[in-house]
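Report on the structure given below.
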């Protein structure tokens, strides 16, 4: 790193300290007791990890509706704290955790637009939603946008009411595990799999050789167990009979209009319709509607992460990939069509 870059980093740190600390210090020495409280609040805000909020519609700040967006494939992946859009599993869980202790939040409106995602992520998010409902005794409504399939329906099933448009794609109730078998290609290239294992099933699902009947049976048993949990969520959340759910849960997608006829959703409508119904059903007319900004980083975290980007990064080399293993098979509540 050049001396000029070090100087730039040093100056940035100095500017940050001066701009953040001096105004608060001055307020402490110059103000009365009320202003001292404000200064304390200032310092608290600097170190507080609570997510910032954006008010979507002004209203009663003591009776609020929290909008939670579930957008994109539901995979728990590392997401930049400064990235806009996309699915961020950890942040959504954090939003729900904050609602657990925020007495001003009287209802949750989920806005879902996803083809689904990981079995783990779908189950964890659903369990968190149920945890918040139980802890706070507040309603959860869901409005589906263009797609709320598979895991998207899984997380929606526990809502008091589900809204979708006639064109929404939903359903796809089931589990999928996909992979490739490249053993034929390896044979043509003269490449031999030399895996050494302690048991016949140690490399279950390997892409470098055909699966045996025993392996397929093992994987199918796992899929069936996950499918059963999906079915149970719908039985509990939608108050439907097991036989009825099994009739619908063959993996196919449904339009919103079909889902309404089949009882998978409650109403046809858009975001404004879902919000208006939620307000009417729970006497929340005039409530403030807000959503979280999408980052739980405090100001210091954001600064030091931005400083990290100024530091030189080690360059990868072809040798870095040696020894890396292929991605393990994953089970998903995911719609793979279209």
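In full-length UniProt numbering, the protein residues as written are 1 to 338.
Every residue gets a Cβ at the ideal spot worked out from N, C-alpha and C, and that includes glycine.
Small disclaimer: the values here were computed from a predicted structure and weren't measured.
Check                                                                                                                                                                   : Outcome
Can you check which of these residues, 211, 185, 277, is closest to residue 65 by C-alpha distance?                                                                     : 277
Rounded C-beta distance between residue 155 and residue 105? I'm assuming under 8 angstroms.                                                                            : Contact flag wrong, Cβ pair sits at about 18 angstroms.
Is residue 56 closer than 8 angstroms to residue 220 when the C-beta atoms are compared?                                                                                : no
Do you know offhand how far residue 331's Cα is from residue 59's?                                                                                                      : 43 angstroms
Quick check on DSSP: helix, strand or coil for residue 169?                                                                                                             : strand
Pick out whichever of 119, 71, 335, 52 has its Cα sitting closest to the Cα of residue 224.                                                                             : 119
What is the C-beta distance between residue 334 and residue 171, in whole angstroms, given that I count them as a contact (C-beta under 8 angstroms)?                   : Going by Cβ atoms, the distance from residue 334 to residue 171 rounds to 13 angstroms, so no, they are not a contact pair.
Whose CA, out of 262, 255, 69, lies closest to the CA of residue 246?                                                                                                   : 262
So residue 161 is in the beta strand (DSSP E); what residue range does that whole segment cover?                                                                        : 161 to 164
Sort 236, 231, 239 by Cα distance to residue 248 and report the nearest one.                                                                                            : 231
Which residues in the same chain have their Cβ closer than 6 angstroms to the Cβ of residue 86, if we skip the five residues on either side of it in sequence?          : 72
Please report the residue range of the beta strand (DSSP E) in which residue 105 lies.                                                                                  : 105 to 114
Expressed to the nearest angstrom, what Euclidean distance is found between the alpha-carbon atoms of residue 279 and residue 111?                                      : 16 angstroms
Quick one: Cα of residue 242 to Cα of residue 52, how far?                                                                                                              : 42 angstroms
From the DSSP output, in three-state form, read off residue 67 for me.                                                                                                  : strand
At which residues does the alpha helix (DSSP H) containing residue 347 begin and terminate?                                                                             : Lying before the first or after the last residue shown, residue 347 is absent from the chain, which here runs from 1 to 338.
Identify which residue in 204, 158, 269, 131 has its Cα closest to the Cα of residue 101.                                                                               : 131
Compute the beta-carbon to beta-carbon distance between residue 126 and residue 148, rounded to the nearest angstrom, for a pair I have assumed lies under 8 angstroms. : Contact doesn't hold; Cβ gap of about 13 angstroms is too wide.
State the Cα-Cα distance for the pair residue 188 and residue 228, rounded to the nearest angstrom.                                                                     : 41 angstroms
Please name the residue in 293, 260, 204, 256 whose C-alpha comes closest to that of residue 180.                                                                       : 204
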